[in-house]
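To keep things clear, I will list the structure first and then write my remarks on it.
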Amino acid sequence: MEPQTKKVKTEMKIGTHSGTFHADESLAVYMLKLLPRFLNATVLRSRDPELLETCDIIVDVSGQYDGTKHFDHHQRGFEETFGPEYKTKLSSAGLIYKHFGREVLSELLKVPSNDKSLDVLFPKVYTEFVEAIDANDNGISAYPESVQSAYKNSAITLPAMVSRLNPLWNDPRVNDDSYLDERFEKASQLMGTAFEFVVEGYGKGWYPAKSIVREAIDQRKQYDDQGRIVVFDKFVPWKEHLYTIEEEDGIQGQILYVVYSDGKAYRVQAVPESSGSFNSRKALPEKWRGVRDEELSKLSGIPDCIFVHAAGFIGGNKTREGALEMAKKALEL
Numbered sequence: 052m053e054p055q056t057k058k059v060k061t062e063m064k065i066g067t068h069s070g071t072f073h074a075d076e077s078l079a080v081y082m083l084k085l086l087p088r089f090l091n092a093t094v095l096r097s098r099d100p101e102l103l104e105t106c107d108i109i110v111d112v113s114g115q116y117d118g119t120k121h122f123d124h125h126q127r128g129f130e131e132t133f134g135p136e137y138k139t140k141l142s143s144a145g146l147i148y149k150h151f152g153r154e155v156l157s158e159l160l161k162v163p164s165n166d167k168s169l170d171v172l173f174p175k176v177y178t179e180f181v182e183a184i185d186a187n188d189n190g191i192s193a194y195p196e197s198v199q200s201a202y203k204n205s206a207i208t209l210p211a212m213v214s215r216l217n218p219l220w221n222d223p224r225v226n227d228d229s230y231l232d233e234r235f236e237k238a239s240q241l242m243g244t245a246f247e248f249v250v251e252g253y254g255k256g257w258y259p260a261k262s263i264v265r266e267a268i269d270q271r272k273q274y275d276d277q278g279r280i281v282v283f284d285k286f287v288p289w290k291e292h293l294y295t296i297e298e299e300d301g302i303q304g305q306i307l308y309v310v311y312s313d314g315k316a317y318r319v320q321a322v323p324e325s326s327g328s329f330n331s332r333k334a335l336p337e338k339w340r341g342v343r344d345e346e347l348s349k350l351s352g353i354p355d356c357i358f359v360h361a362a363g364f365i366g367g368n369k370t371r372e373g374a375l376e377m378a379k380k381a382l383e384l
């Protein structure tokens with residue numbers, strides 16, 4: 052008679068609370084399931100401490116945070132942030148991202164977990180996406196209370212959309228755990244899809260652009276002795292990288308115009324004073340603003356002009372040479 056084989060536990064379990072769900076644990080669970088060891092994990096939603104302790108990892112419930120199994124943020128005295136320079140207290144989403152986010156990005160972007168790109172992308176994805184989920188769950192406003200909003204956007208935020216996936220108060224299934232679990236899965240997919248779009252955008256689009264911006268900045272003096280014009284052969288997301296490289300090189304504020312192809316023609320764009328600013332370091336000449344086509348070409352003395360925006364932050368020309376000439380002439384006006 053052969054000895055009885057001991058049954059080995061193979062199915063991983065992720066625990067979170069039952070009842071009404073929110074954006075933070077919806078995202079936390081999704082991120083965990085991106086990891087190979089949790090790929091096929093069962094999600095247990097419960098308020099029963101004994102049941103939850105049978106799970107391999109527990110998020111947003113338990114009243115404990117230990118960085119290994121328990122990832123709750125509701126307990127008295129919890130003050131964890133993403134790092135010393137951050138002020139936003141973490142939710143379950145931020146906790147899971149802080150401990151597993153680099154590995155999650157590695158899986159999504161198909162790069163080694165020690166890839167140097169993750170040194171930039173790991174904090175970038177937190178500040179651009181996860182931190183807002185943490186702040187929302189902890190009741191932290193993005194603006195001072197004294198600032199009056201010009202319009203309402205509360206219905207279109209991700210946390211609001213997740214909230215709407217909870218049953219209505221008068222839905223007969225409002226206390227049906229199996230129905231709530233189904234709705235939670237939809238919420239998790241919603242948050243995860245948005246998260247993946249953000250990761251893809253920064254990992255496959257934004258980050259690779261920096262080397263192109265760096266090369267263009269290094270070559271800028273071939274167009275202007277003072278290096279005030281940067282030229283790209285095609286459009287890349289340049290603004291944030293430009294500010295970063297200026298700071299790295301100690302040339303803050305020196306670059307005034309960027310020229311690039313939009314696929315059909317060429318643009319000359321004034322560099323904003325800072326990221327997110329509507330004010331330009333040096334707007335295109337006032338007399339060009341709002342003028343188009345042949346009239347603009349005659350006024351500027353530059354062939355093939357298409358337009359200059361009324362605010363002076365951008366203009367267009369049919370050719371690379373024309374757009375570059377617009378930038379050069381604008382420097383002197």
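Here the sequence shown stands for residues 52 to 384, where the numbers follow the numbering used here.
Think of the CB as a built atom: it goes at the ideal place given N, C-alpha and C, for glycine as much as any other residue.
Everything numeric in this text was worked out from a predicted model, so none of it was measured.
Start-to-end residues for the beta strand (DSSP E) that takes in residue i
i: N368; result: I365 to N368
i: I65; result: K64 to T67
i: R96; result: T93 to R96
i: S348; result: That residue, S348, is in no beta strand (DSSP E); its alpha helix (DSSP H) goes D344 to S351.
i: S168; result: No beta strand (DSSP E) contains S168, which is instead part of the alpha helix (DSSP H) from S168 to V176.
The alpha helix (DSSP H) enclosing residue i, as first and last residue numbers
i: A183; result: E182 to D188
i: L241; result: D228 to E251
i: V80; result: A74 to L83
i: Y258; result: Y258 to D269
i: V213; result: L209 to L216
Beta-carbon spacing of residue i, residue j below 8 Å
i: G152; j: D185; result: no
i: I353; j: A321; result: no
i: L335; j: V359; result: yes
i: G278; j: Q305; result: yes
Alpha-carbon to alpha-carbon, residue j and residue i
i: P223; j: A211; result: 22 Å
i: K140; j: E376; result: 50 Å
i: Y148; j: Y177; result: 8 Å
i: V59; j: L293; result: Interpretation of V59 is limited by its pLDDT of 48, a score under 50 that renders its predicted location unreliable; the figure taken from the coordinates is listed afterwards. Their Cα atoms are separated by approximately 54 Å.
i: S113; j: L103; result: 8 Å
i: K338; j: K349; result: 12 Å
i: G363; j: E298; result: 25 Å
i: V342; j: A361; result: 8 Å
i: L172; j: S239; result: 22 Å
i: S164; j: E383; result: 49 Å
Beta-carbon contacts of residue i that lie in its chain and below 8 Å, excluding the five residues immediately before and after
i: S437; result: As displayed, the chain neither begins before 52 nor continues past 384, which places residue 437 out of reach and without an answer.
i: D228; result: S69 and R96
i: L241; result: S77, L209, M212, V213 and L216
i: M82; result: A144, I147, Y148, F151, G152, V155, G243 and F246
Whole-angstrom C-beta distance between residue j and residue i, which should lie under 8 Å
i: V281; j: I263; result: With a Cβ gap of about 11 Å, V281 and I263 do not count as contacting.
i: E182; j: F122; result: Contact doesn't hold; Cβ gap of about 17 Å is too wide.
Cutoff 7 Å; reference residue i; Cβ partners in own chain excluding five residues on either side
i: V287; result: A260, I263 and V264
i: P54; result: Low confidence applies to P54: its pLDDT is 47, below 50, so where it sits in the model is not reliable enough to give any reading.
i: V249; result: V176, E179 and F180
i: M63; result: R88, F89, A92 and D107
i: D284; result: S312
i: K369; result: A316, D355 and I357
Neighbourhood of residue i by C-beta, 6 Å cutoff - its chain only, sequence neighbours within 5 removed
i: Y230; result: R224
i: N330; result: E324
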